[in-house]
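Asks: Mind having a look at this structure? Questions to follow.
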Amino acid sequence: MIDIKLIEAQPARFKEAARTKKFDVDIDRLLEVYDELKTLRQKVQDIATEKNRIGKAVPKMAEQQRKQAIAELSEFKEQEQKYDERIKELEPQFEELMLLVPQPAGDDVPVGEDDTENVEIRREGQIRKFDFKPKDHIELGTALDIIDVERGVKLSGTRNYFLKGDGALLHWAVLRFSLEHMKAKGYVPLMVPLLVRDEAMRGTAYYPGGEDQAYRMEKDELNLVGTAEVPLTAYHMGEILQKEQLPAKYVSMSSCFRREAGAAGKDTYGLYRIHQFDKVEQVVVCENDEQESDKYHAEILHNSEEVLQALELPYRVVNVCTGDLGRGQIKKFDIETWMPSRENYCETHSASKFGEFQSRRMNLRYKDTESKKNIFCHTLNNTVIASPRVLIPILELYQNADGSVTVPKVLRPYMGKDRITR
RNA sequence: GGAGCAGUGGCAGAGUGGUUGAUUGCGACGGUCUUGAAAACCGUUGUGCCGUAAGGCACCGGGGGUUCGAAUCCCUCCUGCUCCGCCA
Numbered sequence: 235m236i237d238i239k240l241i242e243a244q245p246a247r248f249k250e251a252a253r254t255k256k257f258d259v260d261i262d263r264l265l266e267v268y269d270e271l272k273t274l275r276q277k278v279q280d281i282a283t284e285k286n287r288i289g290k291a292v293p294k295m296a297e298q299q300r301k302q303a304i305a306e307l308s309e310f311k312e313q314e315q316k317y318d319e320r321i322k323e324l325e326p327q328f329e330e331l332m333l334l335v336p337q338p339a340g341d342d343v344p345v346g347e348d349d350t351e352n353v354e355i356r357r358e359g360q361i362r363k364f365d366f367k368p369k370d371h372i373e374l375g376t377a378l379d380i381i382d383v384e385r386g387v388k389l390s391g392t393r394n395y396f397l398k399g400d401g402a403l404l405h406w407a408v409l410r411f412s413l414e415h416m417k418a419k420g421y422v423p424l425m426v427p428l429l430v431r432d433e434a435m436r437g438t439a440y441y442p443g444g445e446d447q448a449y450r451m452e453k454d455e456l457n458l459v460g461t462a463e464v465p466l467t468a469y470h471m472g473e474i475l476q477k478e479q480l481p482a483k484y485v486s487m488s489s490c491f492r493r494e495a496g497a498a499g500k501d502t503y504g505l506y507r508i509h510q511f512d513k514v515e516q517v518v519v520c521e522n523d524e525q526e527s528d529k530y531h532a533e534i535l536h537n538s539e540e541v542l543q544a545l546e547l548p549y550r551v552v553n554v555c556t557g558d559l560g561r562g563q564i565k566k567f568d569i570e571t572w573m574p575s576r577e578n579y580c581e582t583h584s585a586s587k588f589g590e591f592q593s594r595r596m597n598l599r600y601k602d603t604e605s606k607k608n609i610f611c612h613t614l615n616n617t618v619i620a621s622p623r624v625l626i627p628i629l630e631l632y633q634n635a636d637g638s639v640t641v642p643k644v645l646r647p648y649m650g651k652d653r654i655t656r
């Protein structure tokens, strides 16, 4: 959410942000509603002042005087009710519009329509050249009996799967390795609730807008999270933190659930786009300071790169363009890992910088020691590893001519073997 | 799921319809005293909104209602606790 005063001061800036980010919001209407609300609130306040003044004297009045005063107060009350009605009409409109205003992208974010215009920053690692015809991860996984899509679909429909034997173990190995990597860096591990209230979804800016992407438990009015970012960031929702608590760094390993509505026919093959997966996620809550925010943005990007480097996977980092940014993101680095079967670098990580956008929505603040003011925090998050998506490059890049798969060095302690064979 | 109790300022804890934004204690901060510290004493100590300011308004878990007037009465939701039932 954006400070209404900023919108008031520079409406053009937010119209432009909506345009380049491809979000639709009527800024003019928002300001209209706000102006009317302000006027009405002032009127109601003036009436309240008058009512309080008279009301205070009532108990001391003589009977005759009192009757007169009470009659007068009734009139005020009627006026007040008239204004209140209109306010109650406008407030929900105001809230709704406010939730839709996008955060302008940072100055160093490329302007572009969609993900094809994201700008590559750098590449790391060598792409493997095969001296045999490589298989894709489904061919490999099916032959090795470690991936079973058919039975996943039998039980749960399309985009569902089983991981079996070494497949399941490999999945847990990358997660465990990544979690421990973050733990060693001082990130506090949290085991989080995966069913959350609408408040948490709104606070992290998944709602409004992302309702179709989430599974919702209608009976209980709870939502299955699509990422641990939601509970991790909303952990301190509504709180006023001490400055010493910042930066708060959290890491979680959790299942993630996505309906993938509107993605019908897209990425239907394999384990790339699926309804349920597991992810290690990192979240930083820091002071309201641009430099601090940038520092932690670089840090969380670096943390994830270290994991990919440890796994010896080739990847590239891209600066995500305006058209591909979320409503609240100031800036986003995606890490795309090389996937042989897709003959491309594909998104495996997404490092977002939100400024105070999420904090405002969830009323997350800290007490500034100097000014004694309560200030909105900054929030950031990044994937540490998401599996089974990352199993695609692992299986495909580590495959051998005989159909076996070498286990990446850092995962061997978790697997207890260095090769997956039939 | 059934029955009951509770939710007040950083914490503890008063307040059951009228100058109560809220007694008091602790904590914290400032000051006096002291070589220093402790003790003692004095003072300050919630948040949001409107306003250049003076000042005003709102908030006693959330929302709604009764009333001229509500922390105090009513409804509803949320949260916590106790007992019973069920259960990985």
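Taking my numbering, I'd label the letters of the first sequence as residues 235 to 656.
Just so it is clear, CB atoms sit at the ideal spot from N, CA and C, and this is done for glycine as well.
None of the values given here were measured: they were computed from a predicted structure.
#1: Could you round the C-beta distance between Tyr530 and Leu614 to whole angstroms and report it? I think they count as a contact, below 8 Å.
#2: On the premise that Tyr506 lies in contact with Ile628, defined as a C-beta separation below 8 Å, what is that separation, rounded to the nearest angstrom?
#3: Please specify which runs of the beta strand (DSSP E), each continuous and at least 3 residues long, are wholly inside the region 534-599, giving them in chain order.
#4: Closest to Leu542 by CA distance: which of Asp512, Pro293 and Ala620 is it?
#5: Entirely within the region 371-413 and at least 4 residues each: give me those alpha helix (DSSP H) ranges in chain order.
#6: Candidates Asp262, Lys255 and Asp318: which alpha carbon is nearest Ile731's?
#7: Alpha carbon to alpha carbon, what distance is there between Leu413 and Cys555?
#8: Leaving aside the five residues before and after Glu373 along the sequence, list all residues of the same chain whose C-beta is less than 6 Å from its C-beta, in chain order.
#9: Measuring CA to CA, which of Met451, Ala439 and His583 is closest to Pro465?
#10: For His612, which beta-bridge partners are listed by DSSP?
#11: Is the number of C-beta pairs between the region 418-437 and the region 552-572 that are closer than 8 Å three or more?
#12: Near Glu570, which residues of its chain fall below 7 Å by C-beta distance, leaving aside the five closest residues on each side in sequence?
#13: Who are the Cβ neighbours of Lys483 in its own chain at under 6 Å, not counting the five residues just before and after it?
#14: Whole angstroms are fine: how far does the CA of Gln592 sit from the CA of Asp379?
#15: Report all residues from its chain with a CB closer than 6 Å to the CB of Asp501; omit the five preceding and five following residues, and keep chain order.
#16: Excluding the 5 residues preceding and the 5 following Pro642 in the sequence, name in chain order all residues of the same chain whose CB lies nearer than 7 Å to its CB.
#17: Between Tyr268, Thr603, Val459 and His470, which has its C-alpha nearest Tyr441's C-alpha?
#18: Tell me whether Ile508 sits in a helix, a strand or coil according to DSSP, three-state version.
#19: Quick check: the region 327-343 against the region 258-270, are there 3 or more CB pairs under 8 Å?
#20: Identify every residue that forms a DSSP beta bridge with Tyr484.
#21: So Asn394 packs on Gln510, CB below 8 Å; how close in whole Å?
#22: Under 6 Å Cβ to Cβ from Gly472, same chain only, skipping five residues before and after it: list those, please.
#23: Note down, in chain order, each residue of its chain lying with its Cβ closer than 7 Å to the Cβ of Arg362, except the 5 sequence neighbours on either side.
Replies: So, from the data block:
#1: Residue mapping note: residue 530 aligns to position 296 of the first sequence, counting from 1. Residue mapping note: residue 614 aligns to position 380 of the first sequence, counting from 1. With 8 Å as the limit, Tyr530 and Leu614 qualify as a contact, their Cβ atoms being about 5 Å apart.
#2: Position 394 of the first sequence, counting from 1, holds the residue named residue 628. Position 272 of the first sequence, counting from 1, holds the residue named residue 506. That belief does not hold up - the Cβ atoms of Ile628 and Tyr506 are roughly 13 Å apart, past 8 Å.
#3: You should have 549-553, 565-573 and 578-587.
#4: Position 308 of the first sequence holds residue 542. Distances from the CA of Leu542 to each of Asp512, Pro293 and Ala620 were compared; the closest alpha carbon is that of Ala620.
#5: 371-377 and 383-390
#6: Shown here, the chain extends from 235 to 656; a query on residue 731 therefore has no answer.
#7: As a working mapping, residue 555 is identified with position 321 in the first sequence. As a working mapping, residue 413 is identified with position 179 in the first sequence. So the two alpha carbons sit approximately 29 Å from each other.
#8: Against the first sequence, residue 373 aligns to sequence position 139. So the list is empty, once near-sequence residues are dropped.
#9: Numbered from 1 along the first sequence, position 231 holds the residue referred to as residue 465. For the residues Met451, Ala439 and His583, the minimum Cα distance to Pro465 belongs to Ala439.
#10: On the first sequence, residue 612 is found 378 positions in, with the first residue counted as 1. Per DSSP, Cys520.
#11: no
#12: Reading the first sequence from its first residue, position 336 is the one you call residue 570. Around Glu570: Tyr549, Arg550, Val552, Tyr579, Cys580, Glu581 and Thr582.
#13: Counting from one through the first sequence, the residue named residue 483 turns up at place 249. Excluding positions up to five away in sequence, the list reads Tyr421 and Val518.
#14: Looking up residue 379 in the first sequence gives position 145. Looking up residue 592 in the first sequence gives position 358. Answer to the nearest angstrom: the Cα atoms are 43 Å apart.
#15: Along the first sequence, one-based indexing puts residue 501 at 267. Excluding sequence neighbours, Asp501 sits near Arg507.
#16: Walking along the first sequence from the start, residue 642 turns up at place 408. Once the five neighbours on either side are set aside, the close Cβ partners of Pro642 are Leu545, Glu546, Ile628 and Tyr632.
#17: Taking the first residue of the first sequence as 1, we reach residue 441 at position 207. Ranking the options by Cα distance to Tyr441, first place goes to Val459.
#18: Here residue 508 refers to the residue found at position 274 when the first sequence is read from its first residue. It is coil, neither helix nor strand.
#19: yes
#20: On the first sequence, position 250 is the one that residue 484 refers to. Its beta-bridge partners are Val422 and Val517.
#21: Numbered from its first residue, the first sequence carries residue 394 at position 160. Numbered from its first residue, the first sequence carries residue 510 at position 276. Right, the Cβ-Cβ distance comes to about 7 Å (below 8 Å), so this counts as a contact.
#22: Working through the first sequence from its first residue, we reach residue 472 at position 238. Closer than 6 Å at the Cβ level, and outside the excluded window around Gly472, lie Asn597.
#23: As a working mapping, residue 362 is identified with position 128 in the first sequence. Hits under 7 Å: Leu631.
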